[in-house]
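Numbering (the numbering used here), first residue to last: 68 to 378.
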Ligand SMILES: Nc1ncnc2c1ncn2[C@@H]1O[C@H](COP(=O)(O)OP(=O)(O)OP(=O)(O)O)[C@@H](O)[C@H]1O
Ligand SMILES: [Mg+2]
């Protein structure tokens, strides 16, 4: 069994948006991330994917719950040096590489930011060599170091974002819809680059996406979120073969099919949360329907799901 890198336990992130309104963006989710794997996180806009990622990486203080990194609590009281240590181990790549790159800094300085903060190079020359090496690693070249972000295409900017994340030699990267803003033809290139880097550098990824089409190719396991809750978690193939939660089934039915004939007759199923018809106080939790395949449901639903589960 692979080692756990992160353990997310009953994580909550509630935002106060003017009394008495509260947005329960993340509402008690638990899952583990294993060393070297890619965990995909999917769900429709607003379900709490980015907030989950941002809370894990501590851009936000959690309302409740715990995040353990190699068994150590990331949140809570921490010394400056501990915080710095975690910041280096966990990095984030964003959806819009342009908005996340300072337009007034050269690409070289952008990439070297983490190197400077963490004091990872002793001399100017060493710093420059590290930047050139990183550019090469992501498929760019050293001449690019002196240019500015606006001189690059979307795919190239995302490569710069990846190089910046890699500069501090992280173990874990949260990629928040890293390919959603890119042309379809470029998406696969960036995904392939991320896969290669993962193999070469033993990286662990949390890969956020809003639909199930591209995550399949990169994820070992996939978690499905709906309104701040994790409703299903399973190995990727298993999730596609045996989706159990009606929301997962609805997401899968939304993926366009490559064959025109099947696409023409494809039926989309809408998810209607009222079908659950939960009784007041009913115990809802993640229940394991087959090894590693969890679905959020009541005891009664679990029995139904088991009776129709295809082995
Ligand atoms: N800083 C914030 N303050 C208040 N509410 C927030 C904040 N950030 C997110 N929210 C709300 O929390 C909910 C979850 O937002 P989040 O951005 O995590 O969703 P998402 O799944 O990443 O969506 P998308 O696919 O559009 O990126 C939404 O209702 C959003 O409006
Ligand atoms: Mg988001």
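Quick reminder that beta carbons are idealized off the backbone N, C-alpha and C, glycines included. Nothing here was measured: the structure is a model prediction, and the numbers come from that model.
Quick one, are the C-beta atoms of residue 170 and residue 221 less than 9 Å apart?
Contact: no.
By the DSSP assignment, the beta strand (DSSP E) with residue 293 in it spans what residues?
288 to 293 is the span of the beta strand (DSSP E), which, as asked, contains residue 293.
By alpha-carbon positions, which one of 190, 140, 195 and 144 ends up nearest to residue 379?
For the chain, the structure presents residues 68 to 378; residue 379 sits outside this window and is missing.
Using DSSP with H/G/I as helix, E/B as strand and the rest coil, what is residue 47?
A query on residue 47 cannot be resolved here, the shown segment of the chain reaching from 68 to 378 and no further.
What residues in its chain sit with their C-beta under 7 Å from that of residue 91, if we drop five residues either side in the sequence?
So the qualifying residues of the chain are 81 and 295.
Identify the continuous alpha helix (DSSP H) that holds residue 136 and give its terminal residues.
Element bounds for residue 136: not the alpha helix (DSSP H) but the beta strand (DSSP E), 131 to 136.
Starting from residue 256, follow its DSSP beta bridges and name the residues at the other end.
In the DSSP output, where bridge partners are listed per residue, residue 256 has none listed.
Per DSSP, what kind of secondary structure is residue 95 in: helix, strand or coil?
Strand at residue 95.
Helix, strand or coil for residue 392 per DSSP?
A query on residue 392 cannot be resolved here, the shown segment of the chain reaching from 68 to 378 and no further.
In three-state terms, what does DSSP make of residue 149?
Looking at residue 149 - three-state DSSP - the assignment turns out to be helix.
Starting from residue 326, trace the beta strand (DSSP E) in both directions and tell me its first and last residue.
Taken as a continuous stretch (DSSP letters only), residue 326 belongs to no beta strand (DSSP E), as it is neither H nor E.
Measure the C-alpha to C-alpha separation of residue 207 and residue 226 and round it to an integer number of angstroms.
Cα to Cα, residue 207 sits roughly 8 Å from residue 226.
Assign residue 233 to one of two classes, buried (16 or more other C-beta atoms within 10 Å of its C-beta) or exposed (fewer than that).
Result: buried.
Between which residues of its own chain and residue 297 is the CB-CB distance below 6 Å, once the five residues before and five after are set aside?
Taken in chain order, the residues that qualify are 96 and 290.
Would you call the segment 299 to 318 and the segment 145 to 153 touching, i.e. three or more CB-CB distances under 8 Å?
Touching, no, given that fewer than three Cβ pairs across the two stretches are closer than 8 Å.
Using 10 angstroms around the beta-carbon of residue 344, count the other beta-carbons present and answer buried if the total reaches 16, otherwise exposed.
With fewer than 16 other Cβ atoms within 10 Å, it is exposed.
Using a Cβ-based criterion (distance less than 8 Å to any ligand heavy atom), does residue 124 qualify as near ligand 1?
It does not: the Cβ of residue 124 is nowhere closer than 8 Å to a heavy atom of ligand 1.
How long is the line joining the alpha carbons of residue 373 and residue 322, rounded to whole angstroms?
Approximately 26 Å between the Cα atoms of the pair.
Report the partner residues of residue 360 according to the DSSP bridge assignment.
Answer is 357.
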